[in-house]
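Novice:
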Amino acid sequence: MKAQIIQIGNSQGIRIPKMMLEETGISGEVDLQIMPDGILIRKTRKPRGDWDAVFSRFAESDDELSEDINTPGDFERKEWQW
12 MKAQIIQIGN SQGIRIPKMM LEETGISGEV DLQIMPDGIL IRKTRKPRGD WDAVFSRFAE
72 SDDELSEDIN TPGDFERKEW QW
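The sequence shown begins at 12 in our numbering and counts up by one.
#1: Starting from VAL65, follow its DSSP beta bridges and name the residues at the other end.
#2: Considering only their Cβ atoms, is the gap separating THR55 from ASP42 smaller than 7 Å?
#3: What three-state label does DSSP hand LYS29 in the structure shown?
#4: Grab the span of the beta strand (DSSP E) containing GLY20 for me, first residue to last.
#5: Roughly how many angstroms lie between the CA atoms of LYS89 and SER38, to the nearest whole one?
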């Protein structure tokens with residue numbers, strides 16, 4: 012789809028059709044990223060926005076976090092002097 016760059020005050024912008032915004036779920040604030048061949052517009056992600064869902068799934072499972080914490084890594088097994 013083609014769009015025209017328009018003047019908005021001292022800045023410039025584009026009009027994005029409502030259908031495209033609804034289909035992508037984009038509204039409000041967005042992230043802009045400069046790419047080699049243009050500008051990428053993405054939904055703004057909230058840091059740690061999905062933590063509640065992740066912790067809920069973890070709480071429902073039978074996994075024990077403490078088991079993972081005490082597992083020695085390569086450094087502990089090979090390089091650490093005990």
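For every residue, glycine included, the Cβ atom is placed at its ideal position computed from N, Cα and C.
Specialist: The structure says:
#1: Secondary-structure assignment with DSSP links VAL65 through no beta bridge to anything.
#2: yes
#3: Helix, per DSSP.
#4: Per DSSP, GLY20 lies in no beta strand (DSSP E) and is assigned neither H nor E.
#5: 51 Å
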